[in-house]
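What follows is a set of notes on a single structure, which appears directly below.
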Amino acid sequence: MDTAESDYAAINDLVVNCPELAQLEEKLGGFNVFQVLKFEYGEIRHSNMLAWLLDPSESHGLDDLFLKKWLMRTLHELPEFGMSSLSPIDVDSWTLLNVEVRREWFHIDLLLVLEHASGEQWVVAIENKVKSTQHSNQLTRYREIVEKHFPRASQKLYLFLTKDPETPEDSAYLPSSYDQVHRALSEAIKSKGSSIGEEPAMLIRNYLTLLEEKFMNDSEVARIAQKIYQQHKRALDVIFEHRPDNLKLVSDELQRLLRENASELGIIPTASSRSYLRFVPSSWDVPQNTNGTAWGNCERTVLFEINLRGKSPYLLVIAGDAPKSWVEPIWEKTAKPPFNPGRRKKVMPKRWVTLHVHTKRLKLSEESLESTQDAVERIYKWIKDALVDKGMKEVISILAEEMKTLEVGSAV
Numbered sequence: 309m310d311t312a313e314s315d316y317a318a319i320n321d322l323v324v325n326c327p328e329l330a331q332l333e334e335k336l337g338g339f340n341v342f343q344v345l346k347f348e349y350g351e352i353r354h355s356n357m358l359a360w361l362l363d364p365s366e367s368h369g370l371d372d373l374f375l376k377k378w379l380m381r382t383l384h385e386l387p388e389f390g391m392s393s394l395s396p397i398d399v400d401s402w403t404l405l406n407v408e409v410r411r412e413w414f415h416i417d418l419l420l421v422l423e424h425a426s427g428e429q430w431v432v433a434i435e436n437k438v439k440s441t442q443h444s445n446q447l448t449r450y451r452e453i454v455e456k457h458f459p460r461a462s463q464k465l466y467l468f469l470t471k472d473p474e475t476p477e478d479s480a481y482l483p484s485s486y487d488q489v490h491r492a493l494s495e496a497i498k499s500k501g502s503s504i505g506e507e508p509a510m511l512i513r514n515y516l517t518l519l520e521e522k523f524m525n526d527s528e529v530a531r532i533a534q535k536i537y538q539q540h541k542r543a544l545d546v547i548f549e550h551r552p553d554n555l556k557l558v559s560d561e562l563q564r565l566l567r568e569n570a571s572e573l574g575i576i577p578t579a580s581s582r583s584y585l586r587f588v589p590s591s592w593d594v595p596q597n598t599n600g601t602a603w604g605n606c607e608r609t610v611l612f613e614i615n616l617r618g619k620s621p622y623l624l625v626i627a628g629d630a631p632k633s634w635v636e637p638i639w640e641k642t643a644k645p646p647f648n649p650g651r652r653k654k655v656m657p658k659r660w661v662t663l664h665v666h667t668k669r670l671k672l673s674e675e676s677l678e679s680t681q682d683a684v685e686r687i688y689k690w691i692k693d694a695l696v697d698k699g700m701k702e703v704i705s706i707l708a709e710e711m712k713t714l715e716v717g718s719a720v
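Residues in the sequence shown are numbered from 309 upward in steps of one, following this note's numbering.
This is the structure:
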């Protein structure tokens with residue numbers, strides 16, 4: 309039996325002889341509002357959900373039970389004894405008169421201001437990380453902001469909430485996990501079940517399902533999935549190998565849009581790939597701009613290139629593998645405005661010469677990255693806006709005129 313036949317047999321065996329697959333489909337197949345809204349890994353949306361759950365005055369019916377249970381569990385499960393002067397017993401004995409929940413206050417994800425019956429004021433600052441990681445000394449900066457604005461607070465608690473384990477760079481922060489959120493919320497909804505309305509209960513259960521499926525390694529979903537993989541490894545490896553490639557889907561759709569709208573945009577698409585979109589303005593479609601050898605079968609020397617990798621695509625005007633005698637005049641011409649050469653080197657590069665970097669970068673959100681259609685729409689609009697930008701039109705015009713003065717087919 310050849311490899312293709314063997315792979316086909318393995319997939320058939322998965323479909324026919326895997327009762328756990330139906331079990332997993334049943335657990336994951338129900339309606340979940342968070343998955344419909346592409347909520348899974350959006351930090352902002354998780355912070356919004358937590359802000360709702362942590363506010364006792366909100367409509368969830370949990371009062372302050374989730375807030376207490378989460379903080380108690382976090383304190384109880386600290387990796388090192390003595391990391392906090394607080395204990396779960398302290399939290400359990402709270403009598404709270406008011407809880408104010410602030411979102412993005414001085415860029416802090418969540419800030420809780422707790423007013424106790426004793427007259428004390430406590431502050432809890434929460435930095436939430438789902439896919440991103442800490443950076444730019446942000447934990448220390450946020451702590452200093454809290455200390456400056458709440459000098460009389462009896463207690464200041466700093467939590468570093470993460471999907472995956474990560475040690476806080478500021479030792480004042482206590483690590484917390486979404487596994488702890490899941491367990492605390494499960495306990496709270498079980499205790500308060502009779503006082504929770506039908507709609508809030510559905511929302512909370514949807515959220516718990518999302519956390520179990522996407523955030524927890526030791527869950528029933530994870531155990532079923534691991535069992536299926538152990539028994540049907542070959543079939544699942546084949547399926548995984550042929551899974552849809554989001555970057556390719558985005559790139560293919562953008563290439564199609566550029567081809568179909570080339571006349572309207574005033575461009576000629578060329579030499580694109582999975583990670584790069586390339587095209588030239590129609591005014592650069594001249595014999596002098598055919599000295600390059602860097603783009604495969606494309607002979608263009610200077611073109612636009614868009615790097616699609618990462619959360620922030622960028623657009624360059626770049627010359628590739630051009631003869632030195634040809635590219636040097638353009639290199640010199642682009643040393644001053646309206647050109648933005650980026651990190652221009654003192655000596656002209658030998659192969660790829662960046663002539664201009666579009667200053668208006670596109671920032672893609674987590675939600676956009678999860679939706680290929682949203683990413684395509686946002687990137688395509690960004691390209692259209694770039695081509696009609698006043699500075700970019702001037703760049704295109706200057707280079708078009710400069711090309712007319714250069715030779716055709718110069719030797720390297």
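The beta carbon of each residue, even a glycine, is placed where N, CA and C say it ideally should be.
Proximity of residue i and residue j at Cβ, strictly below 9 Å
i: L623; j: I691; result: yes
i: L707; j: V625; result: yes
i: K464; j: V431; result: yes
i: M373; j: A496; result: For clarity, residue 373 is Leu in the given sequence; the question names Met instead. Yes, the Cβ-Cβ distance between L373 and A496 is below 9 Å.
i: L566; j: L573; result: yes
i: M357; j: Y486; result: no
i: W660; j: G628; result: yes
i: S392; j: L482; result: yes
i: E568; j: T680; result: no
i: L447; j: E477; result: yes
i: P646; j: V703; result: yes
i: L467; j: S484; result: yes
i: L493; j: L519; result: yes
i: D371; j: K498; result: no
i: I575; j: L695; result: yes
i: T662; j: R652; result: yes
Secondary structure of residue i, DSSP reduced to three states
i: K376; result: helix
i: V431; result: strand
i: S705; result: helix
i: K571; result: It should be pointed out that residue 571 corresponds to Ser in this sequence rather than to Lys. The answer is helix: DSSP assigns S571 an H, G or I state.
i: P396; result: helix
i: P459; result: coil
i: K619; result: coil
i: L345; result: Unreliable placement is indicated for L345, whose pLDDT of 45 sits below 50; no coordinate value is reported for it.
i: N445; result: coil
i: T470; result: strand
i: W413; result: strand
i: H384; result: helix
i: H490; result: helix
i: V558; result: helix
i: V696; result: helix
i: P577; result: strand
i: V407; result: strand
i: H354; result: helix
i: P508; result: helix
i: S367; result: coil
i: V594; result: coil
i: L519; result: helix
i: V716; result: coil
i: E710; result: helix
Counted within 10 angstroms of its Cβ, other Cβ atoms place residue i as buried (16 or more) or exposed
i: E640; result: exposed
i: V409; result: buried
i: F414; result: exposed
i: N605; result: exposed
i: P595; result: exposed
i: R381; result: buried
i: S637; result: The residue asked about is misnamed: residue 637 is Pro in this sequence, not Ser. Classification for P637: exposed.
i: W603; result: buried
i: A630; result: buried
i: T475; result: exposed
i: R617; result: exposed
i: V454; result: buried
i: V489; result: buried
i: I397; result: exposed
i: H443; result: exposed
Residue-chain proximity (residue i, chain B), Cβ-Cβ < 9 Å
i: L616; result: Here there is only one protein chain, and chain B is not present.
Tell me whether the segment 435–444 and the segment 410–420 touch, counting them as touching only if at least three CB pairs, one residue from each stretch, are closer than 8 Å.
With the cut-off at 8 Å, the segment 435–444 and the segment 410–420 touch.
Ignoring anything shorter than 4 residues or poking outside the segment 596–684, list the alpha helix (DSSP H) runs there in chain order.
You should have 632–641 and 674–678.
So, does the segment 467–482 touch the segment 503–514, judging by three or more C-beta pairs under 8 Å?
Because the criterion of three Cβ pairs below 8 Å is not met, the segment 467–482 and the segment 503–514 do not touch.
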